[in-house]
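Residue numbers (our numbering): 153 to 525.
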């Protein structure tokens, strides 16, 4: 008898979703044959080589209700006609077809919620759409025996609301994934300027990027590197062109993790500036925080509970007082001028890097998967 097979589904682009990649590698370690299913967008980079199988669906629609309807229908049909002993559903937007198939085929389902999906700002601002996703969550989640999420605050909310057991698996990079840093010349950066970095696959509204870019008005000796994608990027690029800040802000598209981390290591400060505008952001523990830690880059952050807990616990950075661009610029300037603190933060990052790695985090995941193997 062969290995048990798990089908892992995610709505994001498979290339850039590192949490899902790490989960797949851990599933392999637990003895599963892994098949990862996601989508391929028109601008998706090519898939990198991985030690497990993957399937990327090309869809007619790339956003809006028709996209979600098409993806969920296609995912349901894919799961129906492919063998699996277990399903791993990543986030609420893949949960419904996974749940139905798990019931129809009588196979086990693991649910991994990467955020408090129903409270993201894109839904909070559209209550009718938010209501649809809440109905899906309320229909499926209470029927699950357990689930996984990314931080204690969100885990507590799910447990309080639905009474099920919730495991916390933080989205932390692997210790051995750090490449050699790029050179300034290789990526077109100015060696004479302080390099700042903001990265992420969801550079969206209310995440502080607009104010951070605006703060560059006051920082002519700095160069802000923005790596990734998101709905606010066209606005940021337009602002940079209008103000002739091309020498102060440089944009890079979504890219493979290794390349992104090679650039990130050039930075003196990394930023995570989510605003406390909704529950999802209030309790966020974004991937980029741990990427900065692994890259040895001190962090400048907004004072959100989960992020603050990590930064204060290890003393690896500082916080903005508010989201006024001039105030953000002052925080940056003070941090760059405080060489003693920068040295201390850098030294503490070496300790945090050893603790905050996937090799430690996945132990909880392996215990969970052992019950499904």
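Every residue gets a Cβ at the ideal spot worked out from N, C-alpha and C, and that includes glycine. Keep in mind the model is a prediction, meaning the values are calculated, not measured.
Around the Cβ of residue 266, a 10 Å sphere holds 16 or more other Cβ atoms; the residue is buried. With contact defined as three or more Cβ pairs closer than 8 Å, the segment 320-330 and the segment 403-416 are in contact. For the 7 Å CB-CB criterion, residue 218 and residue 249 do not form a contact. Distance from the CA atom of residue 284 to the CA atom of residue 276, rounded to whole angstroms, is 12 Å. Within the DSSP secondary-structure output, residue 375 pairs in a beta bridge with 347. Non-local C-beta neighbours of residue 334 in its own chain, meaning closer than 7 Å and more than five positions away in sequence, comprise 414, 415, 418, ordered along the chain. By the CB criterion at 7 Å, residue 244 and residue 289 fall inside the cutoff. The beta carbon of residue 498 is closer than 7 Å to those of 448, 450 in its chain, skipping five residues each way along the sequence. Classified as buried, residue 351 has 16 or more neighbouring CB atoms from the shown chains inside 10 Å of its CB. Taking 7 Å as the cut-off, the beta carbon of residue 241 is found closer than this to the beta carbon of residue 161. According to DSSP, residue pairing for residue 469 in a beta bridge involves 451. Annotation: residue 522 to residue 367 spans about 49 Å, alpha carbon to alpha carbon.
Scanning its chain for C-beta atoms nearer than 8 Å, with the 5 sequence neighbours on each side dropped, one finds around residue 175 the residues 160, 240, 242, 264, 517, in chain order.
Secondary structure at residue 383: coil, using DSSP grouped into helix, strand and coil. By the criterion of at least three beta-carbon pairs nearer than 8 Å, the segment 173-187 is in contact with the segment 201-211.
According to the DSSP secondary-structure assignment, residue 424 is paired through a beta bridge with 453. The beta carbons of residue 346 and residue 494 sit no closer together than 7 Å. Taking a 10 Å sphere around the C-beta of residue 388, we find 16 or more other C-beta atoms and assign the residue as buried.
When C-alpha distances from residue 491 are compared across 474, 406, 297, 469, the shortest belongs to 469.
Judged by DSSP secondary structure, residue 335 falls outside any alpha helix (DSSP H); it is assigned neither H nor E.
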